[in-house]
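Asker: Protein chains in written order, with the numbering used here: chain V, 1 to 161; chain U, 1001 to 1396.
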């Protein structure tokens, strides 16, 4: 089947098998390997991307289901700049608050938070933890992830600070 | 209190900006599954559905005929390369030690010893085709009684996981300090407790992955591996594959959580993917899926402790005795390392003059190894037995 999608503002037209997962399409067809795959059944949230602005698990969608839609991956957040000079404010807050260790779950965490913070610009800690409940992190214990979100919202970086 | 004047310069307590974070945050960090190689082939493994079974036949002919399949390997196809993996840590010199290690095999040959044990390896033009071909392989296996519970594994007549051993006892090690019998005789009270520690999976969010590229003209092998120890893996692979260490490069790029199971295991997949890349002259990659991770990546901590604490009336611990069982799983390439950690950290920071720690390892059900090296169970045995002092009229 022929698939036409816009990913991070770039239009792609590809022939794909109907069974190809959106996560595999992004990673292996388009080379956007910032979207990570942790469980392939919608539990860990590492593969989260935006489809028309909403957070979606790309391992639970076929690529062909994205036909005609606008996608955004973690590579699109910083406008393609990997130098660290042009980080999205959320990325900058994660770096500042040590909101990542191995960093494997981080792209999915960021892409979950982008629409959440758009709709909840001043969340309290309970709301932040609820928003993150679909993203598993095995390194951090979530403390500094929550602190990073608070920092991104202009709150003190940590409740303990 | 004001911080000492040198604190600002020491870095201690200061927030340090990590060099790698910009790459991780922008999706540009390289993990093993991100490696792009020309003509890359993909691997899927057929795995045991049985905890214990006699493997009578594996027919891969239909799988080999499927379009897109490049090769299918069973134990019989490995020839001289089929051999049990290395014993990674030899046992320490403990008097009276019984030690019967059994290391994992690359593909099961006659016996299936745990759910998830690899039986056949499919190499294909895509992972989707490789997984399709798994359904084409016909396996005949006669299920055998399995040993699932730690204590049942040592019962007389228990099904044996390894036929060549007289029982499921993997090792028996006793370590002593001082005189426990005397400490017990002098004690005001002896507190006895039983502690169960369930086995757990580390479950890093990144599953394991291995990619290998063989350059036949330079005669150099490059391996990308989700390992915590690339140097030992390089040295071991060179030995297994008959290469010089200088012909092998093992790259551990960004690793998405290690937690122990990604250390230097020489997992079947880890030794088979480079072998297949050399044999086929093509780059080969395997990435574990989450279900495989639950069945084929090592686990740890299954232990049962029977602990005794000999105490005086004023709360001094005169001695500790701890007899414990440790679940090695079907294979134990790390030998005694994990239960020895439990033994040796039993006393912790306390001034305890007499100890007797015995570990009887057993229950070869599924492989089981590592995470935090089983120090935590020993600490908890010690610290959770101690509150029992209060009930014995001793000082808090």
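No residue lacks a Cβ here, since even glycine has one placed at the ideal position from N, Cα and C. Note that this is a predicted model, so its numbers are computed, not measured.
Closer than 6 angstroms by C-beta to residue 76 (chain V): which residues in its own chain qualify, once you throw out the five before and the five after it? Chain order, please.
Answerer: Excluding positions up to five away in sequence, the list reads 8.
Asker: Could you name the residues of the stretch 1280-1296 of chain U whose beta carbon sits closer than 7 angstroms to any beta carbon of chain V, in the order they occur along the chain?
Answerer: Per Cβ criterion, the list reads 1289, 1290.
Asker: Within the same chain, show all residues whose beta-carbon is closer than 6 angstroms to that of residue 1272 (chain U), passing over the 5 residues directly before and after it, in chain order.
Answerer: Here the set comprises 1106, 1121.
Asker: Given a cut-off of 7 angstroms on the beta-carbon distance, is the pair residue 39 (chain V) and residue 1290 (chain U) in contact?
Answerer: Taking 7 angstroms as the Cβ cut-off, residue 39 (chain V) and residue 1290 (chain U) qualify as a contacting pair.
Asker: Whole angstroms are fine: how far does the CA of residue 1322 (chain U) sit from the CA of residue 1350 (chain U)?
Answerer: If you take the alpha carbons of residue 1350 (chain U) and residue 1322 (chain U), they lie about 15 angstroms apart.
Asker: List, from N- to C-terminal side, the beta strand (DSSP E) runs of 3 residues or more that fit wholly inside the stretch 1074-1135 of chain U.
Answerer: Complete beta strand (DSSP E) runs here, min 3: 1118-1124.
Asker: Pull up the DSSP beta-bridge partners for residue 1191 (chain U), would you.
Answerer: Answer is U:1309, bridged to residue 1191 (chain U).
Asker: Helix, strand or coil: which one does DSSP assign to residue 1367 (chain U)?
Answerer: With a pLDDT of only 44 at residue 1367 (chain U), under 50, the local geometry of the prediction cannot be trusted, and no value is derived from it.
Asker: Using 10 angstroms around the beta-carbon of residue 1281 (chain U), count the other beta-carbons present and answer buried if the total reaches 16, otherwise exposed.
Answerer: Classification for residue 1281 (chain U): exposed.
Asker: List the endpoints of the continuous beta strand (DSSP E) containing residue 1012 (chain U).
Answerer: Taken as a continuous stretch (DSSP letters only), residue 1012 (chain U) belongs to no beta strand (DSSP E), as it is neither H nor E.
Asker: Run through DSSP, which three-state label would residue 1321 (chain U) get?
Answerer: Strand at residue 1321 (chain U).
Asker: Count the C-beta pairs between the stretch 1290-1306 of chain U and the stretch 1100-1117 of chain U that are closer than 8 angstroms, then say yes if the count reaches three, no if not.
Answerer: Judged by Cβ distances under 8 angstroms, the stretch 1290-1306 of chain U makes contact with the stretch 1100-1117 of chain U, as three or more pairs qualify.
Asker: So with CB distances below 7 angstroms, who are the chain V contacts of residue 1200 (chain U)?
Answerer: Going along chain V, no residue has its Cβ under 7 angstroms from residue 1200 (chain U), so there is no contact; the nearest lies around 12 angstroms.
Asker: Quick one: what's residue 54 (chain V) bridged to in DSSP?
Answerer: DSSP lists V:51 as partners of residue 54 (chain V).
Asker: Measuring only between beta-carbons, confirm whether residue 1205 (chain U) sits less than 7 angstroms from chain V.
Answerer: It does: the Cβ of residue 1205 (chain U) has a partner Cβ on chain V nearer than 7 angstroms.
Asker: Are the C-beta of residue 1079 (chain U) and some C-beta of chain V separated by less than 7 angstroms?
Answerer: Residue 1079 (chain U) does not count as touching chain V.
Asker: Do residue 42 (chain V) and residue 22 (chain V) have their C-beta atoms within less than 7 angstroms of each other?
Answerer: No, they are not a contact pair.
Asker: Going along chain V in order, which residues have a C-beta closer than 7 angstroms to the C-beta of residue 1255 (chain U)?
Answerer: Those within 7 angstroms of residue 1255 (chain U) in chain V are 102.
Asker: Report the neighbours of residue 38 (chain V) on chain U: residues whose CB is nearer than 9 angstroms to its CB, in chain order.
Answerer: Those within 9 angstroms of residue 38 (chain V) in chain U are 1204, 1205, 1206, 1207, 1256, 1290.
Asker: Tell me the rounded alpha-carbon separation between residue 1168 (chain U) and residue 1078 (chain U).
Answerer: So the two alpha carbons sit approximately 28 angstroms from each other.
Asker: If you follow the alpha helix (DSSP H) that residue 1184 (chain U) is part of, which residue opens it and which one closes it?
Answerer: Where residue 1184 (chain U) is concerned, the enclosing alpha helix (DSSP H) stretches over 1180-1186.
Asker: May I ask which residues mark the beginning and end of the beta strand (DSSP E) holding residue 1215 (chain U)?
Answerer: Its beta strand (DSSP E) spans residues 1209-1215.
Asker: With a Cβ-Cβ cutoff of 7 angstroms, do residue 1025 (chain U) and residue 94 (chain V) count as a contact?
Answerer: The answer is yes: Cβ separation under 7 angstroms.
Asker: Taking residue 1141 (chain U) and residue 1063 (chain U) to be in contact with their CB atoms under 8 angstroms, please state how far apart those CB atoms are, rounded to whole angstroms.
Answerer: Residue 1141 (chain U) to residue 1063 (chain U), Cβ: 17 angstroms. No contact.
Asker: So for residue 3 (chain V), helix, strand or coil by DSSP?
Answerer: In the structure shown, residue 3 (chain V) sits in a strand (DSSP, three-state: E or B).
Asker: Which residues in chain V have a C-beta closer than 7 angstroms to the C-beta of residue 1029 (chain U)? List them in chain order.
Answerer: Under the 7 angstroms cutoff, chain V gives 103.
Asker: Which of helix, strand or coil does DSSP assign to residue 1243 (chain U)?
Answerer: Three-state DSSP puts residue 1243 (chain U) in coil, outside helix and strand.
Asker: Hey, does residue 1026 (chain U) have any beta-carbon neighbour from chain V nearer than 7 angstroms?
Answerer: With 7 angstroms as the cut-off, residue 1026 (chain U) counts as an interface residue toward chain V.
Asker: DSSP beta-bridge partners for residue 1037 (chain U)?
Answerer: DSSP output for residue 1037 (chain U) lists no bridge partner at all.
Asker: Measuring only the C-alpha atoms, how far is residue 1187 (chain U) from residue 1311 (chain U)?
Answerer: Cα-Cα distance, rounded: 5 angstroms.
Asker: Which chain C residues sit within Cβ distance under 9 angstroms of residue 14 (chain V)?
Answerer: Chain labels in this structure do not include chain C; the protein chains are V and U.
Asker: Note down, in chain order, every chain V residue with its Cβ under 7 angstroms from the Cβ of residue 1399 (chain U).
Answerer: Chain U is shown from 1001 up to 1396; residue 1399 (chain U) falls before or after that span and cannot be answered.
Asker: Which stretch, first to last residue, makes up the alpha helix (DSSP H) that contains residue 1270 (chain U)?
Answerer: Counting along the chain, the alpha helix (DSSP H) containing residue 1270 (chain U) begins and ends at 1268-1280.
Asker: Return no unless some Cβ of chain V is closer than 7 angstroms to the Cβ of residue 1179 (chain U).
Answerer: With 7 angstroms as the cut-off, residue 1179 (chain U) does not count as an interface residue toward chain V.
Asker: Mind checking whether residue 1255 (chain U) and residue 1222 (chain U) have CB atoms under 7 angstroms apart?
Answerer: Their beta carbons are not under 7 angstroms apart, which means residue 1255 (chain U) does not touch residue 1222 (chain U) by this criterion.
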